[in-house]
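Student: The structure's right below; bear with me while I get my questions together.
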Amino acid sequence: MLELSLHILDIVENSTRAGAKTVYITIIEDTIRDVLSVEIKDDGSGMSQDILEKVSDPFYTTKTVRKVGLGIPMLVQAAEGTDGKFRIESKGGEGTIVAAEFKFSHIDRQPLGDIISTLVTLIAGNTDVDFIYRHQHNDRVFILDTRDVKREIEDVPINHPDILLFIRQHIEEGLKEIRAEV
83 MLELSLHILD IVENSTRAGA KTVYITIIED TIRDVLSVEI KDDGSGMSQD
133 ILEKVSDPFY TTKTVRKVGL GIPMLVQAAE GTDGKFRIES KGGEGTIVAA
183 EFKFSHIDRQ PLGDIISTLV TLIAGNTDVD FIYRHQHNDR VFILDTRDVK
233 REIEDVPINH PDILLFIRQH IEEGLKEIRA EV
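Residue numbers (this note's numbering): 83 to 264.
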């Protein structure tokens with residue numbers, strides 16, 4: 083994967099496959115500490131300790147369509163390759179937290195990429211999931227909570243093209259306002 087937004091897409095797809103109804107996506111750009119951190123937290127089915135110990139192995143996967151699972155190992159490599167770190171916590175029936183930290187200025191750090199399209203794609207394809215996206219750039223914060231959007235639009239589906247356009251524009255404006263990497 084060439085950009086961090088694709089790692090986020092992969093991890094969140096794991097969350098939705100695990101039955102998550104709420105997914106928290108947090109990105110913190112701390113240029114003062116020279117750290118970029120990404121955290122995905124869900125309320126899905128979680129993993130047993132046995133599976134948790136295997137998820138960083140590229141030759142282990144719970145998927146039946148292919149015999150390798152490269153998503154998490156590639157994220158681990160991306161983080162550790164920039165003097166960063168990776169953490170995963172999970173408990174069966176309680177959900178999962180996946181967190182990666184990168185040295186912001188490291189020459190090998192992947193760009194954040196098209197996080198806006200990633201978020202819009204996730205929202206459009208998972209209408210029954212609530213997404214809380216929090217993006218912080220130093221001391222400035224932008225938050226998108228799809229529960230608020232759903233309350234405002236009432237009976238209109240959140241994946242209606244006009245609503246998705248509004249969400250895209252709202253995220254664009256919010257990220258510009260906080261001067262996030264886009």
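Glycine included, every Cβ here is placed at the ideal spot set by N, Cα and C.
Do I110 and S119 count as a contact pair if the criterion is CB distance below 8 Å?
Tutor: Yes, Cβ-Cβ distance for S119 and I110 is below 8 Å.
Student: Taking the Cβ atom as the reference point for each residue, do F224 and I198 lie within a distance shorter than 8 Å?
Tutor: Contact: no.
Student: Are at least three pairs of beta-carbons, each pair with one atom in the segment 124-136 and one in the segment 231-250, less than 8 Å apart?
Tutor: Output reads no: the segment 231-250 does not touch the segment 124-136.
Student: Using DSSP with H/G/I as helix, E/B as strand and the rest coil, what is I198?
Tutor: Residue state, collapsed to three classes: helix.
Student: Would you call the CB atoms of S210 and T228 closer than 8 Å?
Tutor: Checking the sequence shown, residue 210 turns out to be Asp, not Ser. Not a contact, by the Cβ cut-off of 8 Å.
Student: Between which two residues does the beta strand (DSSP E) carrying R222 extend?
Tutor: It spans 222-227 - the beta strand (DSSP E) in which R222 sits, taken as one unbroken run.
Student: Using the Cα positions of A102 and L86, report the straight-line distance between them to the nearest angstrom.
Tutor: For A102 and L86, the distance between alpha carbons rounds to 21 Å.
Student: Secondary structure at R191, three-state DSSP: helix, strand or coil?
Tutor: Coil at R191, not helix or strand.
Student: Pop quiz: G128 and K173 are said to be a contact at Cβ under 8 Å. What is the actual Cβ separation, rounded to whole angstroms?
Tutor: Confirmed, Cβ separation roughly 5 Å.
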